[in-house]
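Under the numbering used here, think of the first position of the sequence shown as 994, with each following residue one higher.
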Amino acid sequence: METKSLSELREEYKSCTRCSELLKSRIQVVFGEGNPNAEVLLIGEAPGLNEAKNGIPFCGASGKVLQELLASIGLTRDDVFITNTILCRPENNRNPAKEEVENCRNRLDTLIQIMKPKVIVTIGNFATERILGKKGITTLRGKVFPLLINSQEMKVVPVIHPANLLYNGRNPELLQQMKQDFQVIASVVQEEKKQKSLGEF
Ligand code: URA
994 METKSLSELR EEYKSCTRCS ELLKSRIQVV FGEGNPNAEV LLIGEAPGLN
1044 EAKNGIPFCG ASGKVLQELL ASIGLTRDDV FITNTILCRP ENNRNPAKEE
1094 VENCRNRLDT LIQIMKPKVI VTIGNFATER ILGKKGITTL RGKVFPLLIN
1144 SQEMKVVPVI HPANLLYNGR NPELLQQMKQ DFQVIASVVQ EEKKQKSLGE
1194 F
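(1) Starting from T1115, trace the alpha helix (DSSP H) both ways and give me its first and last residue.
(2) What are the boundary residues of the beta strand (DSSP E) that L1068 is part of?
(3) By alpha-carbon positions, which one of V1181, L1125 and T1069 ends up nearest to R1098?
(4) Does the beta-carbon of G1056, which I'm using as the reference point, lie nearer than 7 Å to any heavy atom of the ligand MN?
(5) Quick check: the Cα distance between D1072 and K1091, rounded to an integer number of angstroms?
(6) DSSP on G1053, reduced to helix/strand/coil?
(7) Is it the case that the Cβ atoms of I1130 and T1121 are separated by a distance below 8 Å?
(8) Roughly how many whole angstroms lie between the Cα atoms of I1036 and P1050?
(9) Quick check: the Cα distance between T1115 and S1018, rounded to an integer number of angstroms?
(10) Assuming contact is defined by CB atoms lying nearer than 8 Å, are M1108 and P1029 in contact in what I supplied?
(11) With respect to 7 Å, is the separation between the Cβ of G1041 and the closest non-hydrogen atom of the ligand URA below this value?
(12) So, I1066 versus F1175, is the Cβ gap smaller than 8 Å?
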């Protein structure tokens, strides 16, 4: 059973050297940010340049979209915890390599064990495949997948990556779909709250 704290895990990965390719251009490890007691954990792909410079996940253009989507369901970054599938920026924003995702597997599993979130939002293909072992965000998006980790029940909701909206010139239909998927997150969070309050009686 994992007994580490979140800050111990953060400290442990600050000087991680598992991925030699990522190390070559690393500015810093972007461990994650937000409420350590959050019931909602958001997992993106990998830090971009802004994120690597600031040490904060989703603090660039994609982050603005993410904040807008969170706001559409009455949440702020402080209500959730945000991390990535891998913690170091791949040069030129290339896709994370399989080996890099594997090297970061234990870290993400441990984070989930420590936080015990009720809801995991996987942002884009990489995070979704990493958590659910399934490919194809366009068919998986906005659906709810139950997941059992160490006898802890969680709900996983895959969503389209905000970068897709930016590549598509903020296509209004795509934004609408993304907002619908966030409504799914809102109802799962609401349901979890209901269950929790019932359990308190
Ligand atoms: N895209 C991601 O997947 N993660 C970030 O932190 C920023 C952009």
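Just so it is clear, CB atoms sit at the ideal spot from N, CA and C, and this is done for glycine as well.
Quick look at the numbers:
(1) Counting from one through the sequence shown, the residue named residue 1115 turns up at place 122. Unbroken run through T1115 is the beta strand (DSSP E), V1112 to I1116; no alpha helix (DSSP H).
(2) Indexing the sequence shown from 1 puts residue 1068 at position 75. Per DSSP, L1068 belongs to no beta strand (DSSP E) and is neither H nor E.
(3) Within the sequence shown, numbered from 1, the residue matching residue 1098 stands at position 105. The residue with the shortest Cα to Cα distance from R1098 is L1125.
(4) What this structure holds is the ligand URA, not the ligand MN.
(5) Here residue 1072 refers to the residue found at position 79 of the sequence shown. Here residue 1091 refers to the residue found at position 98 of the sequence shown. Roughly 31 Å between the two C-alpha positions.
(6) Taking the sequence shown and counting its residues from 1, the one referred to as residue 1053 is at position 60. Of the three classes helix, strand and coil, the one that applies to G1053 here is coil, per DSSP.
(7) By one-based count along the sequence shown, residue 1130 stands at place 137. By one-based count along the sequence shown, residue 1121 stands at place 128. Cβ atoms of I1130 and T1121: closer than 8 Å.
(8) The count along the sequence shown starts at 1 and reaches residue 1036 at position 43. The count along the sequence shown starts at 1 and reaches residue 1050 at position 57. C-alpha separation (whole angstroms): 10 Å.
(9) Against the sequence shown, residue 1115 aligns to sequence position 122. Against the sequence shown, residue 1018 aligns to sequence position 25. Taking the straight line from one Cα to the other gives about 26 Å.
(10) The sequence position of residue 1108 within the sequence shown is 115, counting from 1. The sequence position of residue 1029 within the sequence shown is 36, counting from 1. Result yes, Cβ atoms of M1108 and P1029 sit closer than 8 Å.
(11) Indexing the sequence shown from 1 puts residue 1041 at position 48. Checking the Cβ of G1041 against the ligand URA gives yes.
(12) Within the sequence shown, numbered from 1, the residue matching residue 1066 stands at position 73. Within the sequence shown, numbered from 1, the residue matching residue 1175 stands at position 182. Contact: yes.
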